[in-house]
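Chains as they are written, first to last, in this note's numbering: chain A, 1 to 247; chain B, 1001 to 1247.
Number of protein chains: 2
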Amino acid sequence: MFSNDVKGSEAAQPDETKAERTRRKVYDTAMTLFRERGFDETTMRDISQQAGMALGTAYYHFPSKEAIIASYYESTQYRHHAYVVEHLSGHKALQDRLKMVFHSKIEQVQGDRRLLGTIFRYTGDPQHPLSVLGEGTRSLQQQSVATISLALRGERFPREIAELLPVALWGLQMGALLYLLYDTSEGQTRTFRLMDQSLALTVQLLSVARKPLLAPIITPILRQVSGILGDARINLQPPIKQPPTKE
Amino acid sequence: MFSNDVKGSEAAQPDETKAERTRRKVYDTAMTLFRERGFDETTMRDISQQAGMALGTAYYHFPSKEAIIASYYESTQYRHHAYVVEHLSGHKALQDRLKMVFHSKIEQVQGDRRLLGTIFRYTGDPQHPLSVLGEGTRSLQQQSVATISLALRGERFPREIAELLPVALWGLQMGALLYLLYDTSEGQTRTFRLMDQSLALTVQLLSVARKPLLAPIITPILRQVSGILGDARINLQPPIKQPPTKE
DNA sequence: GCGACTTTCTGAACATGTTCAAATTCTACG
DNA sequence: CGTAGAATTTGAACATGTTCAGAAAGTCGC
Chain A
1 MFSNDVKGSE
11 AAQPDETKAE
21 RTRRKVYDTA
31 MTLFRERGFD
41 ETTMRDISQQ
51 AGMALGTAYY
61 HFPSKEAIIA
71 SYYESTQYRH
81 HAYVVEHLSG
91 HKALQDRLKM
101 VFHSKIEQVQ
111 GDRRLLGTIF
121 RYTGDPQHPL
131 SVLGEGTRSL
141 QQQSVATISL
151 ALRGERFPRE
161 IAELLPVALW
171 GLQMGALLYL
181 LYDTSEGQTR
191 TFRLMDQSLA
201 LTVQLLSVAR
211 KPLLAPIITP
221 ILRQVSGILG
231 DARINLQPPI
241 KQPPTKE
Chain B
1001 MFSNDVKGSE
1011 AAQPDETKAE
1021 RTRRKVYDTA
1031 MTLFRERGFD
1041 ETTMRDISQQ
1051 AGMALGTAYY
1061 HFPSKEAIIA
1071 SYYESTQYRH
1081 HAYVVEHLSG
1091 HKALQDRLKM
1101 VFHSKIEQVQ
1111 GDRRLLGTIF
1121 RYTGDPQHPL
1131 SVLGEGTRSL
1141 QQQSVATISL
1151 ALRGERFPRE
1161 IAELLPVALW
1171 GLQMGALLYL
1181 LYDTSEGQTR
1191 TFRLMDQSLA
1201 LTVQLLSVAR
1211 KPLLAPIITP
1221 ILRQVSGILG
1231 DARINLQPPI
1241 KQPPTKE
């Protein structure tokens, strides 16, 4: 939407265009300042000055200040996907895989909690291109669901569950990210614990749902949950694979 | 925090100070314009001009533009509380009460969905005084939990559940409000349906949890959910009753 | 190498939230 | 009433995100 390069830079390419180099300079300078001072405390004038260019130049490469943070948001998704693809084979059990997927997601943005927060800023406006739940980030949402779905590869579930589980897990991830923002515990251990417990419960429920004998009690409830989730589900198209960062 | 009057005005008082009248003029003008054009599309200059005063005057009565919306946010809480208190006796069954509480909440803000959205804007910044999950709105959160708890009056639950249910329901309400923002269905029927289904499921689970015989299967799971919720719970003090709008 | 075209860069100008010193109005008291 | 002090009002000034017309640099066919 905002940026059209796949990588969030942070890694020089020798074959860059001049324009690409300038763009990267803007991005990197901005991110450094954002991290040092925070998003709102960093001025577009600060950025352009620090990057040694005129104000208008920064605006030539990014249509707005929030486009810079949008670019960062995208880059985290691609990095996460690449990480999961690489580490998937090392984890066989469902719960291990889920844990790997979600832990890596959280670890990846852990250092940038404050920045992450600025992205949630647009959640209340469905029309906003950066709303994490809105149309504007649809493709990023699909990417994210697809990444999570990698952990489910090969598992068999009752149809209603199979359909909704990826999106439900995506919702769980969103919740965890929000929780992370508010988590002041040392090393954000509370977030990780919350994540682990939620996953344990999820796996437990899933295994119950798969046992036909115990099911009569649980299944109607699960079905109802499914109904609710189905109702709540943002209309996600089937995930489209876009090539993740190759580097 | 921002405003110190309890009511969100919208109702003239004959015994108003001049200052109060001016303040109300600012508020009402602002709300009208916000509703007509949206929050971001309304300028503080628009407001002061429309209200027939200088720019600085508006700022004398509200420290910032967002303080106006904060005042609105508070007023919805007080109105909701008053409504619930008034209608509680008409509903005896738990599910009816919950339904009344949550439906009225949604109905109350239904017409102001876009405005509501601007409040969610600060959720990503825990430090921000208007973050609906942050310190700054703590007392409003407590009010809201207290309002919801009115629906639970007289019910008996296992201790773990009794402790966490109010906050969990508050979370449900938050979720529903967020969902409402994105709900484009006619009359926001989807939100109401989602609410009804969630409540039905909740009541169902609660009733199971109360039956000691069926419990062995369900209780450990519920306990785990409780653990998760307990972990996730924002540290809410016991609700402090502040007098709701008397009018 | 040159001219035409495109890409990139520049900084002045604009809109809008916010601040503030000064002006005005109000209130209370003698 | 008259005046000191408080409350309220005013609008100019400031900071910052954004726009834009024009300048500068780069590219390409000849």
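Positions of the beta carbon are idealized from the N, C-alpha and C atoms, including for glycine.
In this text, all values refer to a predicted model and were calculated from it rather than measured experimentally.
Distance between beta carbons of residue j and residue i, contact taken as under 8 angstroms
i	j	result
A:L88	A:L199	Their Cβ separation, rounded to whole angstroms, is 16 angstroms, which puts A:L88 and A:L199 out of contact at 8 angstroms.
A:F120	A:M195	So it is not a contact: roughly 18 angstroms between Cβ atoms.
B:Q1077	B:L1140	6 angstroms
B:H1080	B:T1147	6 angstroms
A:V145	A:W170	5 angstroms
B:L1165	B:L1152	7 angstroms
8 angstroms Cβ shell around residue i - same chain, five flanking residues per side excluded
i	result
B:I1161	L1206, A1209, L1222, S1226
B:A1128	It is His, not Ala, that sits at residue 1128 of chain B in the sequence shown. Excluding positions up to five away in sequence, the list reads Y1122, G1134, G1136.
A:Q95	L199, A200, V203
B:E1016	R1024
A:M100	V84, H87, L88, G90, H91, A151
Among the options, nearest to residue i - alpha-carbon criterion
i	options	result
A:S149	A:A168, A:S64, A:Y72	A:A168
B:K1018	B:T1202, B:H1061, B:M1044	B:H1061
B:T1105	B:R1156, B:Q1050, B:Y1073	Checking the displayed sequence, the identity of residue 1105 of chain B turns out to be Lys instead of Thr. Comparing Cα positions, the closest option is B:Y1073.
A:I47	A:T29, A:R37, A:S64	A:T29
A:L180	A:L115, A:Q95, A:M31, A:E66	A:L115
A:G38	A:E163, A:Q204, A:K65	A:K65
A:G154	A:A93, A:E186, A:Q188, A:L201	A:A93
A:Q188	A:F157, A:V109, A:P126, A:T22	A:V109
A:M53	A:S75, A:E36, A:K25	A:K25
B:D1040	A:D125, A:L164, A:E36	A:D125
B:K1211	B:L1130, B:R1156, B:T1022	B:R1156
Own chain partners of residue i with C-beta closer than 7 angstroms, once the 5 adjacent residues on each side are dropped
i	result
B:T1191	I1106, A1176, Y1179, L1180, D1183
A:R113	L180, L181
B:L1033	T1042, D1046, I1047, Q1050
B:P1158	A1209
A:L172	S198
A:M44	L55, A58, K65
Any non-hydrogen atom of the ligand MN within 7 angstroms of residue i CB
i	result
A:W170	Of ligands this structure carries none, so the ligand MN is not represented either.
Beta-carbon proximity list for residue i, same chain, < 6 angstroms, skipping 5 on both sides
i	result
B:E1020	none
B:R1138	none
A:V132	T123
A:G111	none
A:M31	none
Item to complete: Write down every uninterrupted run of the alpha helix (DSSP H) in the stretch 86 to 138 of chain A whose length is 4 residues or greater and which is fully enclosed by it, in chain order.
Response: 94 to 110, 113 to 120
Worksheet item: When the Cβ atoms of the stretch 49 to 58 of chain A are set against those of the stretch 74 to 86 of chain A, are three or more pairs found closer than 8 angstroms?
Response: no
Item to complete: Please specify which runs of the alpha helix (DSSP H), each continuous and at least 4 residues long, are wholly inside the stretch 162 to 213 of chain A, giving them in chain order.
Response: 189 to 210
Worksheet entry | the stretch 107 to 120 of chain A in contact with the stretch 1109 to 1125 of chain B per 3-pair CB rule at 8 angstroms | yes
Fill in: Continuous alpha helix (DSSP H) assignments of at least 4 residues falling wholly in the stretch 1033 to 1084 of chain B
1044 to 1050, 1055 to 1061
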